[in-house]
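Chains as they are written, first to last, in this note's numbering: chain F, -1 to 319; chain W, -1 to 319. Where is the CB? At the ideal position from N, CA and C, for every residue including glycine.
Protein chains: 2
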Amino acid sequence: MSEFDIIKQFFTRPAHHTNLSVGDDAALINVSKGYELTVSTDMLVADTHFFHDAAPYDIGWKSLAVNVSDMAAMSSQPKWATLAIALPHVNETWLSEFSRGFFACANTFNVDLIGGDTTRGPLNISVTIMGEVPAGKALRRDGAKVGDDIWISGALGDAALGLAHLKNKLHSKFNLDDGYIEYCLEALHRPQPRVALGLALVDLAHSAIDISDGLLSDLGHILSASKVGATIQLSKLPCSLFISKHINEKQIQQCILAGGDDYELCFTAPQKNRSAIEKISDELHLPIALAGNIHAGAGLVVLDENKHKVILGKTGYDHFA
Amino acid sequence: MSEFDIIKQFFTRPAHHTNLSVGDDAALINVSKGYELTVSTDMLVADTHFFHDAAPYDIGWKSLAVNVSDMAAMSSQPKWATLAIALPHVNETWLSEFSRGFFACANTFNVDLIGGDTTRGPLNISVTIMGEVPAGKALRRDGAKVGDDIWISGALGDAALGLAHLKNKLHSKFNLDDGYIEYCLEALHRPQPRVALGLALVDLAHSAIDISDGLLSDLGHILSASKVGATIQLSKLPCSLFISKHINEKQIQQCILAGGDDYELCFTAPQKNRSAIEKISDELHLPIALAGNIHAGAGLVVLDENKHKVILGKTGYDHFA
């Protein structure tokens, strides 16, 4: 199977909003009038971002989903992606499943795969995603204002708990039932980027980020870019019943504060928009928790139910720290 | 050194035509009115595309240059790039040199680095480049017409000869002098994408491709996309004096026909544009050779000086063939 056979069989699908797609030196696209193009890149490496023997469908889904999540965090409509993939060898079953997962995500979010590269090497997947946002409206990290509420979508920590389970690193005192393990692994392997939420927030939020490295680290980026401080309450963080029940356990706290791989949105918005945000939560059937507030100063404080400061360990994932 | 330190120190430089650059979930750019966005991705893997111990300056230059070359082949002005890089470990000297080479190329072609990803893994560099072309004007692979001339810029085969030299695979009967070795290694390590030529051809050429995998393979893409055939003459192919002298040697023929890594442009244009193309060649101080013609049918014939068909071996580089 040649490089070109692989591209044709596994990575060429009809495009819906692309002038020229896979197969030339470059793809051609039109950016709508009055919109800015948003561009983001994420690279996933075997045994760094996923186990090399993970289900290829999941690797395909997640490779695109983590990029789609970056569009959501900018309040941008994802539209186009390129895929560069290095493969140690050609395994048609693996490629077929990878492609199925990738395009399942692409179809869900109406993203055209418009180009890329296929080469030999240690398994590595690099996706660049492009989307559109009305000019001047993108939700940036530097827009948080003193007095803003801090909101977090969905639930935190399940993906990290799933990963700890897979690595046999979960403390023996935690007994996860099979259904909850399944739920955590679903969160880890097939994250659901919050595109509809991101788009709905365009005129409501001041700043946003997606939680990929862990809440402390990612909210920290908003704080430093916006030159503000924040306080959040542990008990207000959105999480599953299991995590709520064990919220005072260190390992569980690490999962929700610094576990990463959540792909939920953390955003700040003025208090006057509370009811509008709650309405969006209802409409999207997506929990959105009011977890804290932005204030003057710098840095992040996490308070427990007794208003004592939670001692923070690792704040998030850093590949080289 | 953390991931964020690496990004700040080595991969954050002032942007010139970008609304929001490195440091948020996505970059923000404006595409000029009346233009299409061109998008292309190339991935370079250690010991597949370059020796792992190659000079990091050259790896940086080439990572971007091969992508810029794809813009040239579409008659597109390169403007923005993202860089995803997996590193086995942090080596500040290596990173500093890689960054210097990457930005030397970026500055030469006025490309803003607008985002990317930095992660741990076997050395892998994935660049996505974006550019602008007047709407409807891109030079595609499917535009070649019967009767078109086939033109090739610069010189072919030097990079492949340099690679054969480095791998000690050059037949012992070929004696390269030190100056010529230097010239071949320069072609291999620091290719010069033909952006000015690509832009100048916008209204003159019918189709174009950059020669990255080898002339036979790349011109073959134009032929199959355009549903035409072609004949080229070996003696008309542009090449160095050394290669001309040994043009009947099989290994030398392989270098110019199927060596790859040339990053010259191969394009087709109607005969009426000959003098305009020769004028561009003069203005750019860049040789452009008229090497053959497009005719009805399919496939590519290469003729030697006696008008005999040259027996073709490997047609180009395929990572999985």
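In this structure, the alpha-carbon of L263 of chain W lies about 16 angstroms from that of A228 of chain W. Within the segment 87 to 155 of chain F, the complete beta strand (DSSP E) segments of 3 residues or longer fall at 110 to 118, 122 to 132 and 147 to 151, listed in chain order. With a cutoff of 8 angstroms on beta-carbon distance, S210 of chain W and G258 of chain W are scored as near each other. Within the segment 136 to 148 of chain W, A136, R138 and R139 place their CB atoms closer than 7 angstroms to a CB of chain F, listed in sequence order. Assigned with DSSP and collapsed to three states, F2 of chain F falls in helix. Interface flag for T80 of chain W against chain F is set, since a Cβ pair is found closer than 8 angstroms. Partner residues in the beta bridge of M41 of chain F, as assigned by DSSP, are F:S124. DSSP, reduced to helix, strand and coil, places K167 of chain F outside both helices and strands of the structure shown, so it counts as coil. In the DSSP secondary-structure assignment, D208 of chain F is bridged to F:L263. Note on geometry: alpha-carbon atoms of I150 of chain F and E303 of chain F lie some 18 angstroms from one another.
Considering only beta carbons, the part of the segment 91 to 120 of chain W lying closer than 9 angstroms to chain F consists of I112, G113, G114, D115, T116, T117, R118, G119 and P120, in chain order. For N17 of chain F, the closest of W:L35, W:N28, W:D23 and W:I4 by C-alpha to C-alpha distance is W:L35. For the segment 14 to 46 of chain W, the residues whose beta carbon sits under 7 angstroms from a beta carbon of chain F are, in order, N17, L18, D22, D23, A24, A25, L26, I27, N28, V29, E34, L35, T36, V37, S38, T39, D40, M41, V43 and T46. With respect to the C-alpha of V144 of chain F, the residue from F:N28, F:G297 and F:V29 having the closest C-alpha is F:G297.
Shown here for S279 of chain F: same chain residues with a beta carbon closer than 6 angstroms to its own, the five before and five after excluded, namely I286 in chain order. Residue range I286 to H293 is occupied by the beta strand (DSSP E) that includes H293 of chain F. Here L137 of chain W is buried. Its C-beta has 16 or more other C-beta atoms within 10 Å. Straight across, the Cα-Cα distance linking S73 of chain W with L195 of chain W is about 8 angstroms.
A direct Cα-Cα distance of roughly 11 angstroms separates K6 of chain F from G113 of chain F.
Contact of N166 of chain F with chain W is not assigned, every C-beta pair being separated by 8 angstroms or more. In the structure shown, the three-state DSSP call for V200 of chain W is coil. In this structure, V193 of chain F and V66 of chain F form a Cβ contact; the two beta carbons are roughly 6 angstroms apart against a cut-off of 8 angstroms. Among the residues facing chain W, S224 of chain F is not included, as its CB has no counterpart in that chain under 8 angstroms away. Residue-level contact by beta carbon holds for I207 of chain F and chain W, with a gap shorter than 8 angstroms.
DSSP places I250 of chain W inside the alpha helix (DSSP H), whose first and last residues are K248 to A256.
DSSP lists F:G290 and F:V300 as the beta-bridge partner residues of I230 of chain F. D201 of chain W does not reach chain F, its nearest Cβ partner there being about 17 angstroms away, counting only Cβ pairs nearer than 9 angstroms. Within chain F, the residues placing a beta-carbon under 7 angstroms from that of D68 of chain W are D23 and A24, ordered along the chain.
W:K165 is the residue among W:A13, W:K165 and W:I27 whose C-alpha sits nearest the C-alpha of T46 of chain W.
Note on L159 of chain F: 16 or more other CB atoms within 10 angstroms of its CB, so buried under the neighbour-count rule. In the DSSP secondary-structure assignment, W78 of chain F is bridged to F:D110 and F:M128. In the structure shown, the three-state DSSP call for A274 of chain F is helix. Within chain F, the residues placing a beta-carbon under 7 angstroms from that of S74 of chain W are A24, ordered along the chain.
As the crow flies, the alpha-carbon of I207 of chain W is around 12 angstroms from that of D260 of chain W. Scanning its chain for C-beta atoms nearer than 6 angstroms, with the 5 sequence neighbours on each side dropped, one finds around M41 of chain W the residues S124, in chain order.
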